[in-house]
Amino acid sequence: MRYLIDGHNLIPKLGLTLHAPDDETELIACLQEFCRQQRARVEVYFDGAPAGQAGTRPAGLVTAHFVRQGLSADAAIETRLARLGARAREWTVVSSDRRVRQAAHAAHASVLTSEEFARRLATRPESSSPPSPKTTGSLTSQEVEEWLKTFEQRPRP
631 MRYLIDGHNL IPKLGLTLHA PDDETELIAC LQEFCRQQRA RVEVYFDGAP
681 AGQAGTRPAG LVTAHFVRQG LSADAAIETR LARLGARARE WTVVSSDRRV
731 RQAAHAAHAS VLTSEEFARR LATRPESSSP PSPKTTGSLT SQEVEEWLKT
781 FEQRPRP
């Protein structure tokens, strides 16, 4: 299964906070575990990326899209659906935003609200709640380096 996810729309539904500096990283770790268990692929979109930090970052079966300030994740998801064309039917869009859900329906993609998807994450066979990113350990050293570059938190030599 393939998913297009409105990241900032999903974060609070999982009990995470949008004000945390690592909220996106925590969600990505949770989605990586979901992908591993479900053999799924996820593209997650976050809006509001500061200058120099916008772009696409692969993280295993999860691809994170950081949309620059001034643009919205909603618009980026709509653009992705348009580019998929008839293949949009193979995707499930996760958002509680009415505009995004309408675009997904128009593209003949499946749709789940963020609340519905959060419930699915909470009832996975191997887990009763979303995994704690501190215990998943699923990032490779290369992925850690990419995240460090992204957030300019490189350790000093």
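As numbered in our numbering, the sequence shown has no gaps in its residue numbers, which increase by one up to the final residue, 787. Don't be surprised by glycine CBs; every beta carbon is placed ideally from N, CA and C. Note that the structure is predicted; figures quoted are calculated from it, not measured.
Asked: Taking only runs of the alpha helix (DSSP H) that begin and end inside the region 723 to 754, which ones reach a length of at least 4 residues, in chain order?; Found: 728 to 736, 744 to 752
Asked: Under 8 angstroms between the Cβ atoms of Leu640 and Val774?; Found: no
Asked: Given Ala684, which residues of its chain have a CB within under 7 angstroms of its CB, disregarding the five upstream and five downstream residues?; Found: Phe696, Val697, Arg698
Asked: How about Ala804 and Arg687: do their beta carbons lie closer than 8 angstroms?; Found: The requested residue 804 is not part of the displayed model; the chain covers only 631 to 787.
Asked: Kindly indicate which residue of Leu646, Leu691, Val741 has the alpha-carbon position closest to the one of Leu711.; Found: Val741
Asked: Mind reading off the beta-carbon distance from Gln662 to Leu691? Whole number of angstroms is fine, and I expect it under 8 angstroms.; Found: 7 angstroms
Asked: Give the straight-line distance between the Cα atoms of Ala659 and Asp704, rounded to the nearest whole angstrom.; Found: 22 angstroms
Asked: So what does His695 bridge to, in DSSP terms?; Found: Tyr675, Thr686
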